[in-house]
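Engineer: In order, the protein sequences belong to chains A and B.
When the letters of the first sequence are read in order and numbered with this note's numbering, they come out as residues 335 to 447.
When the letters of the second sequence are read in order and numbered with this note's numbering, they come out as residues 335 to 447.
Take this structure, written in structure tokens, and hold onto it; I'll ask about it next.
2 protein chains.
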Amino acid sequence: MIEEDAAKVDALFHALADRTRRDILRRVLAREHSVSALAAEYDMSFAAVQKHVAVLERAGLLAKRRAGREQLASGDVVAVRSVASMLAELEQVWRGRIARIDALIASDPEQED
Amino acid sequence: MIEEDAAKVDALFHALADRTRRDILRRVLAREHSVSALAAEYDMSFAAVQKHVAVLERAGLLAKRRAGREQLASGDVVAVRSVASMLAELEQVWRGRIARIDALIASDPEQED
DNA sequence: ACAACCTACAACCGATTGGTTGTATATTGG
DNA sequence: CCAATATACAACCAATCGGTTGTAGGTTGT
């Protein structure tokens with residue numbers, strides 16, 4: 335997980351940086367939806383929704399499976415977790431800063447009351 | 335935290351969807367950096383880095399304070415956590431799906447061995 | 001005072017984005 | 001077989017993005 339593969343991370347955050355796509359992701363995490371069922375939920379063309387689904391799919395946030403003439407999309411929680419763990423890693427960087435500040439204060443009592 | 339303010343969330347994920355900005359954020363979470371100190375780290379113009387810093391600032395991921403002629407940028411861990419908590423919320427949606435599937439299996443023993 | 005430095009911002013450019021319409025291809029039900 | 005349905009994809013468009021160069025203003029040290 336330390337090897338980041340920046341392009342993949344770019345794609346993940348980019349996919350999440352659109353409210354329609356976040357809403358689609360929320361729906362397909364809750365249950366499978368066909369592309370047209372998703373399209374029916376939004377005030378835009380079928381093609382626009384289909385492109386949003388494709389962006390989420392390329393980022394690995396959802397997967398599709400064929401069921402007759404329908405394509406059923408399902409959210410991938412592992413990808414969601416991988417994004418969360420990157421943020422956790424960022425928070426750890428910040429914790430290191432705080433630890434360094436605390437150490438400095440402890441070693442130099444003049445600094446604080 | 336339930337009120338999402340989609341535009342703010344868009345800005346947060348968009349700001350994170352660029353590897354240079356993620357790297358800048360990492361640095362300013364670890365410690366304060368002047369804009370020019372940051373610019374010196376990348377193979378692009380000062381103005382380009384300054385714009386990346388501005389994007390992070392508008393998203394609320396970093397704040398600047400004046401120190402003489404320098405502008406010192408510092409990462410905001412609260413904003414990072416707010417993104418993480420949105421992802422946690424998405425994961426909860428997924429857990430609901432799993433719970434529903436489990437309940438279905440429990441109520442209909444024919445479905446599983 | 002003034003040269004050097006730090007920052008901000010405008011103007012511009014090619015690439016990408018998020019939307020549209022239109023067309024093509026599979027699959028289904030009667 | 002045929003009409004309806006579901007999906008995919010190309011072409012196009014305005015807006016935004018990530019980069020550039022240039023200009024201007026504030027701060028510092030000598």
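Glycine included, each C-beta is placed from N, C-alpha and C at the ideal position.
Between residue 367/A and chain B, is the shortest Cβ-Cβ distance under 7 Å, so that the two count as touching?
Structural biologist: No - not a single Cβ of chain B is within 7 Å of the one on residue 367/A.
Engineer: Return yes when the C-beta of residue 368/B is under 6 Å from any heavy atom of the ligand NAP, and no when it is not.
Structural biologist: Only the bare structure without any ligand can be found here, which leaves the ligand NAP out of the picture.
Engineer: Here's the rule I'm using: 16 or more other beta-carbon atoms within 10 Å means buried, otherwise exposed. How should residue 430/B be labelled?
Structural biologist: It counts as exposed.
Engineer: Measuring only the C-alpha atoms, how far is residue 340/A from residue 360/B?
Structural biologist: If I take the Cα positions, the gap works out to 14 Å.
Engineer: Alpha carbon to alpha carbon, how far is residue 356/A from residue 438/A?
Structural biologist: Residue 356/A and residue 438/A: Cα-Cα distance of roughly 42 Å.
Engineer: Could you compute how far the alpha carbon of residue 415/B sits from the alpha carbon of residue 420/A?
Structural biologist: Between residue 415/B and residue 420/A, the C-alpha separation is close to 11 Å.
Engineer: If residue 380/A and residue 373/A are in contact, beta carbons under 8 Å, what's the gap, nearest whole angstrom?
Structural biologist: About 4 Å; that satisfies the 8 Å criterion.
Engineer: Contact criterion: CB-CB distance below 7 Å. Does residue 350/A meet it with respect to chain B?
Structural biologist: Residue 350/A counts as touching chain B.
Engineer: List the residues of chain A whose Cβ lies closer than 7 Å to the Cβ of residue 340/B, in chain order.
Structural biologist: Ordered by position in chain A, the residues that pass the 7 Å Cβ test against residue 340/B are 353.
Engineer: In the DSSP output, which residue or residues are listed as bridge partners for residue 397/A?
Structural biologist: Bridge partners of residue 397/A: 408/A.
Engineer: Beta carbon of residue 347/B, beta carbon of residue 424/A: below 7 Å?
Structural biologist: Taking 7 Å as the Cβ cut-off, residue 347/B and residue 424/A do not qualify as a contacting pair.
Engineer: One question on the structure: do residue 407/B and residue 343/B come within less than 7 Å of each other, judged by their Cβ atoms?
Structural biologist: Not in contact: residue 407/B and residue 343/B (Cβ atoms no closer than 7 Å).
Engineer: Just the Cα atoms here: how many angstroms apart are residue 427/B and residue 440/A?
Structural biologist: Going by the C-alpha atoms only, they are around 44 Å apart.
Engineer: Please go through the same chain and pick out, in chain order, the residues whose beta-carbon is closer than 6 Å to the beta-carbon of residue 367/B, but skip the five residues on each side of it.
Structural biologist: The answer, listed in chain order, is 361 and 407.
Engineer: Identify every residue that forms a DSSP beta bridge with residue 367/A.
Structural biologist: Beta-bridge pairing links residue 367/A to 407/A.
Engineer: How is residue 351/A classed by DSSP in three states: helix, strand or coil?
Structural biologist: It is coil, neither helix nor strand.
Engineer: Quick one: grab the DSSP three-state call for residue 374/B.
Structural biologist: Three-state DSSP puts residue 374/B in coil, outside helix and strand.
Engineer: Closer than 7 Å, CB to CB, is residue 362/A near chain B or not?
Structural biologist: No, residue 362/A does not count as interfacial toward chain B.
Engineer: Is it buried or exposed, residue 352/A, if we count other Cβ atoms within 10 angstroms and call 16 or more buried?
Structural biologist: Answer is buried; the Cβ neighbour count reaches 16.
Engineer: Below 7 Å between beta carbons is the criterion; list the residues of the stretch 389 to 411 of chain A that meet it against any residue of chain B, in chain order.
Structural biologist: Listed by position along the chain: 409 and 411.
Engineer: Can you give me the C-alpha to C-alpha distance between residue 364/A and residue 409/B, rounded to a whole angstrom?
Structural biologist: So the alpha carbons of these two residues sit roughly 33 Å apart.
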